[in-house]
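Numbering (this note's numbering), first residue to last: 20 to 63. A short write-up of the structure that comes next.
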Amino acid sequence: MSWESTLPYYCIINQRVRHACGGLHSAKLLLYSVNFHAIPRFRC
Numbered sequence: 020m021s022w023e024s025t026l027p028y029y030c031i032i033n034q035r036v037r038h039a040c041g042g043l044h045s046a047k048l049l050l051y052s053v054n055f056h057a058i059p060r061f062r063c
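In structure tokens, the structure reads:
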């Protein structure tokens, strides 16, 4: 996973909101990015 994977989801969400609501509407959302490098790797 990386921050790059967020962009397509963000675009899809906003496109659907614009389609449903029209005009200049956009999704009301809060985006939080996790630094995966800071999370220790666990082995099973």
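Glycine residues also receive a C-beta, built at the ideal position from the N, C-alpha and C atoms. All figures in this text were calculated on a predicted structure; none of them were measured in a lab.
Taking C-beta atoms as the reference points, R35 and H44 fail to come closer than 8 Å. DSSP places S21 outside both helix and strand once states are collapsed to three, so it counts as coil.
In the structure shown, the three-state DSSP call for I32 is helix. Counting only residues of its own chain and dropping the five nearest sequence neighbours on each side, S52 has a CB closer than 7 Å to the CB of W22.
Shown here for P59: not one same chain residue has a beta carbon closer than 8 Å to its own, the five before and five after excluded.
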